[in-house]
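S.K.: Each step along the sequence shown adds one to the number in the numbering used here, with nothing skipped, and position 201 is 218.
Got a structure here, written out as structure tokens. Questions coming.
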Amino acid sequence: MRRFGVSQVILGIAILVLVVFVVYPLSTIIHQSFKFEGHLSPVNYWQIVQKAANFRALRHSLEVATLSMLFATVIGAFLAWLVARTNLPLRGFLRAAFVLPFIIPPFIGAIAWLQLLGPVGYLNKFYMALTGSTEPLWNIYGPDGIILVMALHSYPLVYLTVLGGLERMNPELEEAAQISGSPIFAVMKDITLPLMAPTIAAGAVLAFIAAIANFGIPAVLGFSARYFVLTTKIYDAVDLGWIGNNLSIAACLSIVVSLLAGAGLLLSRLYLKGKEYTTLSGKSMYPNIVQLGIHKYWLLPLALLVVLITTVAPVVAIVITSLTKAYGLPPTPDNLTLDNFKHVLFLLPAGRRAIRNSLFLAVGAATIVSLLGSLIAYIVVKTKMRFRFVIDFFATMPYSIPGTVVALAMILAWIRPLPFTNIVLYNTIWIILIAYVARYLAFGVRTTAGSLAQIHDSLEEAATISGANWLQAFKDIVIPLIRPGLFASWFLVFMPCLRELTISILLWSVGHETIGVLVYNLQDAGDNTGSAALAVVMMTVLMAANFLTRRLTGGKFGY
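Below, the structure is given as structure tokens:
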């Protein structure tokens, strides 16, 4: 009876948290999307189709997401094959290096590529000096640049997905084909690719959803070219606020972009349904190593070129910009300075605030998510409650929808005073914290659930028989055993919160800037060197946090 009472208390807390953080905010978007001139009507959805600018943004989103997904899939799947199935030299180094673009925040990657291939970017200036041309080699503003940068930042999703599948795949069919004399690339085309098609499709869907939901890259490279996608169109509508019917249009666009992301997942499940997985073993196998022979002499330079293009070049560009007196100057000793770091870290009031706010939000969200996530994970894994899978669904749903949708939901939910009080969360740091917790709650649930599943019920039962109540058993038995999962959960939430832009760009107010918002605003205002300096600081902290995560979890979590 005591256990039943405790279970009901836990369930009540979980439901209350999910209603406040997830269900109520997201329901306001649906309600707002039907509001028109004071009453409910579907006319807003008709306006989306009828108004050319909105329909154009939808078309742009599909074009950008589809093309970047295709490029990311080709790059990611091929690199995974090289690392997992061949004797390519430096495979250990390349295995980690191919993931590095995933650590760099996408909007910072866009800024870095802008500094390389913008109208006065380093590569364009080098090209013009070399050829005497007055026109740049390529202006990265617009759809081409957005597709390129999105592909370079989303291919690690495909790479990691396919890499895991290749390492579990039975190599016998490939070995038989090689013994029969089939060439290397024929084996890959005729055997490996068909067997890995479901896994490749799963990675491609992740890349598509990431592109559909992305705000930073289209914002940095699209606004100047007046090239809008759905996420930037939502931002534009929210920026206009309550003027006219803008928030209702933003809500409609949010529903559309969420449906697109959901459609990607649905198509993936329909494709994977009924597929045979008998070629996959349940554990990691010793993979079949394809002998590249003479091909390694061009494949190794190609692999290193990928690392150079996707990681080294943009990082070097942003570091150079952060150290120069003015953007565009050559990095000669006379032009190098640390004043940009001094400016953003010590002289710029918004810089100090942004760092303080981001650390507070990242630490706060990581701590709350770890606690709430472990509570919800306990309900899902360790109890037989009837609605536990519904709770799991709502806890993980906010991460499956675009960040702009989560941010708009928070605006609509908390723009008015809290019931029975005069407290307004809108335009405060607390609304950002709530949004972060809702967005990343899935990390806490999934990470802790894996640890809880490994704990046998008999340990808790033994503690209860010894006279311990549920809280004591949870504190003394469960928490110590899931501590690695809690650490992993904490860092996996801390890192994306520290680099976050999509949610905070819609929710920030003066005095409540985050690092991501300030980097974006400085870049937008033309302070390229200050933006680059703050971006370098952010990337350094992210690298350190990733290193700590891998050390504390034995390499099981992190990138």
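Just so it is clear, CB atoms sit at the ideal spot from N, CA and C, and this is done for glycine as well.
Cutting at 6 Å between CB atoms, please list the residues of its own chain near residue 441, excluding the five before and the five after it.
M.R.: As a position in the sequence shown, residue 441 is number 424, starting the count at 1. Taken in chain order, the residues that qualify are 434.
S.K.: Looking only at C-alpha atoms, which of 541, 537, 544 sits nearest to residue 555?
M.R.: Numbered from 1 along the sequence shown, position 538 holds the residue referred to as residue 555. Among 541, 537, 544, the Cα nearest to that of residue 555 belongs to 537.
S.K.: Compare the C-alpha of residue 77 against each of 160, 429, 346 and name the closest.
M.R.: Numbered from its first residue, the sequence shown carries residue 77 at position 60. If we check each option's Cα against that of residue 77, 160 comes out closest.
S.K.: Which parts of the stretch 89-169 are runs of the alpha helix (DSSP H), unbroken and 4 residues or longer, counting only runs that do not cross its ends?
M.R.: The stretch 89-169 contains these whole alpha helix (DSSP H) runs: 108-114, 117-120, 123-134, 139-148.
S.K.: Within 10 angstroms of the Cβ of residue 300, are there 16 or more other Cβ atoms? Answer buried if so, exposed if not.
M.R.: Counting from 1 along the sequence shown, the entry for residue 300 is found at position 283. With a pLDDT of only 47 at residue 300, under 50, the local geometry of the prediction cannot be trusted, and no value is derived from it.
S.K.: Under a three-way DSSP split, which group does residue 52 fall into?
M.R.: Sequence index remark: in the sequence shown, residue 52 carries index 35 (1-based). Three-state DSSP puts residue 52 in a strand.
S.K.: Counting beta carbon pairs with one atom in the stretch 379-392 and one in the stretch 445-461, are three or more of them shorter than 8 Å?
M.R.: Touching, yes.
S.K.: Between residue 530 and residue 374, what straight-line distance do the alpha-carbon atoms span, to the nearest angstrom?
M.R.: For this step, residue 530 is matched to residue 513 along the sequence shown. For this step, residue 374 is matched to residue 357 along the sequence shown. Each residue's Cα considered, the two are about 7 Å apart.
S.K.: Please report the residue range of the alpha helix (DSSP H) in which residue 234 lies.
M.R.: What you label residue 234 is simply residue 217 of the sequence shown in a count that begins at 1. That run of the alpha helix (DSSP H) goes 233-239.
S.K.: Apart from the five residues just before and just after residue 472, which ones in its own chain have a Cβ nearer than 6 Å to its Cβ?
M.R.: Working through the sequence shown from its first residue, we reach residue 472 at position 455. Around residue 472: 498.
S.K.: Out of 97, 249, 120, 467, which one is the CA nearest neighbour of residue 112?
M.R.: Here residue 112 is taken as the residue at index 95 of the sequence shown, counted from 1. Ranking the options by Cα distance to residue 112, first place goes to 97.
S.K.: Just curious, the alpha helix (DSSP H) that residue 244 is in, first and last residue?
M.R.: By 1-based counting over the sequence shown, the position of residue 244 is 227. Counting along the chain, residue 244 falls outside any alpha helix (DSSP H), and DSSP gives it neither H nor E.
S.K.: Would you kindly check if the distance between the Cβ of residue 228 and the Cβ of residue 167 is under 8 Å?
M.R.: Taking the sequence shown and counting its residues from 1, one reaches residue 167 at position 150. Taking the sequence shown and counting its residues from 1, one reaches residue 228 at position 211. Yes.
S.K.: Starting from the Cα of residue 317, find the closest Cα among 62, 103, 36, 152 and give me that residue.
M.R.: Within the sequence shown, residue 317 is the residue found at index 300, counting from 1. The candidate whose alpha carbon is nearest that of residue 317 is 103.
S.K.: Report the CB separation of residue 378 from residue 446 in whole angstroms; it is logged as a contact under 8 Å.
M.R.: Against the sequence shown, residue 378 aligns to sequence position 361. Against the sequence shown, residue 446 aligns to sequence position 429. With a Cβ gap of about 7 Å, residue 378 and residue 446 count as contacting.
S.K.: Taking C-beta to C-beta, are residue 547 and residue 357 nearer than 8 Å?
M.R.: Counted from its first residue, the sequence shown places residue 547 at position 530. Counted from its first residue, the sequence shown places residue 357 at position 340. Yes. Within cutoff.
S.K.: Please work out which residues of its chain come closer than 7 Å, Cβ to Cβ, to residue 535, disregarding the five sequence neighbours upstream and downstream, and give them in chain order.
M.R.: Translated into the one-based positions of the sequence shown, residue 535 becomes position 518. Contacts found: 367, 368, 371, 551.
S.K.: Give the straight-line distance between the Cα atoms of residue 37 and residue 382, rounded to the nearest whole angstrom.
M.R.: Position 20 of the sequence shown, counted from the start, is the residue given in the question as residue 37. Position 365 of the sequence shown, counted from the start, is the residue given in the question as residue 382. Rounded to whole angstroms, residue 37 to residue 382 spans 15 Å at the Cα level.
S.K.: Among the residues of its own chain, which have a CB less than 8 Å from the CB of residue 306, if the five just before and after it don't count?
M.R.: Counted from its first residue, the sequence shown places residue 306 at position 289. Cβ within range, chain order: 102, 103, 104.
S.K.: Have a look at residue 294 and residue 183 and give me their C-alpha separation to the nearest angstrom.
M.R.: In the sequence shown, residue 294 corresponds to position 277, counting from 1. In the sequence shown, residue 183 corresponds to position 166, counting from 1. Its pLDDT being 45, under 50, residue 294 is placed unreliably by the model, and nothing is read from it.
S.K.: Going by the DSSP bridge assignment, what does residue 341 pair with across the sheet?
M.R.: Counting from one through the sequence shown, the residue named residue 341 turns up at place 324. DSSP output for residue 341 lists 353 as bridge partner(s).
S.K.: Would residue 465 and residue 503 be called neighbours here (beta carbons separated by less than 8 Å)?
M.R.: As a working mapping, residue 465 is identified with position 448 in the sequence shown. As a working mapping, residue 503 is identified with position 486 in the sequence shown. Yes, these two residues count as a Cβ contact at 8 Å.
S.K.: In its own chain, which residues sit with a C-beta less than 6 Å from the C-beta of residue 275, not counting the 5 before and 5 after it?
M.R.: For this step, residue 275 is matched to residue 258 along the sequence shown. Excluding positions up to five away in sequence, the list reads 418, 422.
S.K.: Return the CA-CA distance between residue 515 and residue 169, expressed in angstroms with no decimal places.
M.R.: Numbered from its first residue, the sequence shown carries residue 515 at position 498. Numbered from its first residue, the sequence shown carries residue 169 at position 152. Computed Cα separation, rounded: 21 Å.
S.K.: Which residue marks the beginning of the alpha helix (DSSP H) containing residue 318, and which one marks its end?
M.R.: Taking the sequence shown and counting its residues from 1, one reaches residue 318 at position 301. Residues 313-324.
S.K.: Is the separation between the beta-carbon of residue 232 and that of residue 249 shorter than 8 Å?
M.R.: For this step, residue 232 is matched to residue 215 along the sequence shown. For this step, residue 249 is matched to residue 232 along the sequence shown. A contact, by the Cβ cut-off of 8 Å.
S.K.: Exposed or buried, residue 308, counting other C-beta atoms within 10 Å across all chains shown (16 or more means buried)?
M.R.: Working through the sequence shown from its first residue, we reach residue 308 at position 291. Burial call: exposed.
S.K.: Which partner residues does residue 57 have in the DSSP bridge list?
M.R.: Position 40 of the sequence shown, counting from 1, holds the residue named residue 57. Its beta-bridge partners are 52.
S.K.: How many angstroms separate the CA atom of residue 221 from the CA atom of residue 35?
M.R.: Translated into positions along the sequence shown, residue 221 becomes position 204. Translated into positions along the sequence shown, residue 35 becomes position 18. Between residue 221 and residue 35, the C-alpha separation is close to 30 Å.
S.K.: Where does residue 32 fall in DSSP's three states?
M.R.: Here residue 32 is taken as the residue at index 15 of the sequence shown, counted from 1. Of the three classes helix, strand and coil, the one that applies to residue 32 here is helix, per DSSP.
S.K.: Chain B beta carbons: is any one of them nearer than 8 Å to that of residue 42?
M.R.: Of the chains in the structure shown, none is chain B; there is only one protein chain.
S.K.: What's the call for residue 526, buried or exposed, on a 16-neighbour Cβ count within 10 Å?
M.R.: Mapped onto the sequence shown, residue 526 falls at position 509. Under this definition residue 526 is an exposed residue.
S.K.: How close, in whole Å, do the beta carbons of residue 134 and residue 157 come, if the pair is a contact with beta carbons under 8 Å?
M.R.: Here residue 134 corresponds to residue number 117 of the sequence shown, with the count starting at 1. Here residue 157 corresponds to residue number 140 of the sequence shown, with the count starting at 1. Confirmed, Cβ separation roughly 4 Å.
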